[in-house]
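Engineer:
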Amino acid sequence: MPAKIILNPYSNRWGASKMAEPLQEVLRGLNYDFDFVQTSGPREAVDLAAEAALAGFDPIVAAGGDGAVSEVVNGLLMAGLADRVRLGVAPLGSANDYAYQLGIPTDLEAACRILVQAERERVLDAGRINDYYFMNDITIAFGAQVNVEAAKIKRLRGSLLYLGGVFKALMNYHQPTIDCRWDDGRLEEKQILLAYVGNGFRTGGVFFLAPQARLDDGLLDLVIGDALGRLSILRLLPKTFNGSHIREPVVQTVRCTWIEMTSDDPLPVLADGEIIYTNAHELSIRVLPKALRVIVGPEEGKRPG
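Take a look at the structure:
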């Protein structure tokens with residue numbers, strides 16, 4: 010059976026829609042056998058991926074950003090079909106964090122060659138938050154609010170968009186109080202700036218919030234930042250660009266397989282760069298070891314330092 014290419018045209022602020030024809034032209038030039046479809050709305054790729062797997066297409070290729078990959082992954086895992094097919098990635102988004110970690114370049118032809126040749130494959134972990142699956146990360150509280158604010162910015166793209174969201178979020182964000190439990194630890198009545206759950210190590214194109222996380226170790230990296238004033242946040246923020254923030258006393262990091270978090274405050278939550286909750290109060294997060302077979306590049310993306 011041929012591959013199934015599922016393209017999200019909205020990725021990179023509709024930038025991916027302009028790449029639909031060039032992507033297909035490159036793949037045809039490489040004599041790749043594929044069927045192509047574009048999504049027309051949110052979460053449509055979930056159903057399309059499940060249908061493609063049931064029909065026997067392999068691999069199922071997410072063309073777009075991390076949100077597009079996340080929807081395809083949800084389609085495969087919700088339907089219990091991830092063991093039948095491989096996941097492919099054509100990075101056409103704004104940050105492309107998952108593709109970066111897989112060693113897949115943003116250059117269109119180079120990315121397509123990795124997909125077509127399919128010389129390397131890894132079996133990678135995924136995660137689940139409540140009833141939603143993720144492959145890279147979960148961002149809770151301030152980090153998610155950054156994305157909420159970034160979505161309102163019209164003139165920026167890429168990493169600048171996320172940085173603009175940071176400064177907008179600083180203006181009036183309330184830092185919530187949480188109770189949090191994991192494998193062998195607990196925090197009670199803790200006011201936080203943010204909580205971050207990393208299966209992968211890069212987010213937002215420039216942030217290394219869980220710099221030691223690995224996609225195939227059967228663990229999640231939980232990073233919790235204490236509530237801080239604005240100036241302290243601005244001092245801490247640059248350290249997230251190289252992962253050195255995890256050495257600060259206001260940041261706690263643990264490795265675990267499950268997390269339970271509750272809060273009386275409304276929690277905004279981001280999964281793989283997409284807003285899934287704006288006012289959550291109960292979160293249950295689990296790692297799913299060896300959940301996905303993924304076509305990858307020759308080397309993992311570089312970590313800071």
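Numbering (my numbering) for the sequence shown: 10 to 314. Think of the CB as a built atom: it goes at the ideal place given N, C-alpha and C, for glycine as much as any other residue.
Distance, Cα to Cα, Gln261 vs Thr249?
Structural biologist: About 14 Å.
Engineer: Could you tell me which residues DSSP pairs with Gln47 in its beta bridges?
Structural biologist: Gln47 is bridged to Leu16.
Engineer: Would Ala104 and Gly214 be called neighbours here (beta carbons separated by less than 8 Å)?
Structural biologist: Yes, Cβ-Cβ distance for Ala104 and Gly214 is below 8 Å.
Engineer: Determine the contact status of Lys13 and Asp44, defining contact as a CB-CB distance below 8 Å.
Structural biologist: Result yes, Cβ atoms of Lys13 and Asp44 sit closer than 8 Å.
Engineer: Decide if the segment 73 to 88 is in contact with the segment 115 to 122; the criterion is three or more beta carbon pairs, one per stretch, under 8 Å apart.
Structural biologist: With a cut-off of 8 Å, the segment 115 to 122 and the segment 73 to 88 do not count as touching, because too few Cβ pairs lie within range.
Engineer: Compute the distance between the beta-carbons of Ile123 and Ile304, then report whether it is under 8 Å.
Structural biologist: It is a contact, given that the beta carbons lie within the stated cut-off.
Engineer: Pull up the DSSP beta-bridge partners for Leu7, would you.
Structural biologist: No answer is possible for residue 7: it lies beyond the span of the chain, which begins at 10 and ends at 314.
Engineer: So, using beta-carbon positions, are Asn145 and Asp235 closer together than 8 Å?
Structural biologist: No, the pair does not count as a contact, with Cβ atoms beyond the cut-off.
Engineer: Which of helix, strand or coil does DSSP assign to Ile255?
Structural biologist: DSSP places Ile255 in helix when its eight states are reduced to three.
Engineer: Do the CB positions of Ala59 and Leu32 come within less than 8 Å of each other?
Structural biologist: It is not a contact, given that the beta carbons lie outside the stated cut-off.
Engineer: With 16 other CB atoms within 10 Å as the buried threshold, where does Leu240 fall?
Structural biologist: Exposed: under 16 other Cβ atoms inside 10 Å.
Engineer: Please determine if the segment 181 to 196 and the segment 205 to 221 are in contact, where contact requires at least 3 C-beta pairs separated by less than 8 Å.
Structural biologist: Segments in contact, no.
Engineer: Gln184 by DSSP, collapsed to three states: which one?
Structural biologist: The answer is coil: DSSP assigns Gln184 none of H, G, I, E or B.
Engineer: Have a look at Ile242 and Met180 and give me their C-alpha separation to the nearest angstrom.
Structural biologist: Between Ile242 and Met180, the C-alpha separation is close to 12 Å.
Engineer: Is it true that the CB of Leu63 sits closer than 8 Å to the CB of Ala153?
Structural biologist: Cβ distance not < 8 Å, so Ala153 and Leu63 don't count as in contact.
Engineer: Considering only DSSP beta bridges, list what Lys199 is partnered with.
Structural biologist: In the DSSP output, where bridge partners are listed per residue, Lys199 has Ile187.
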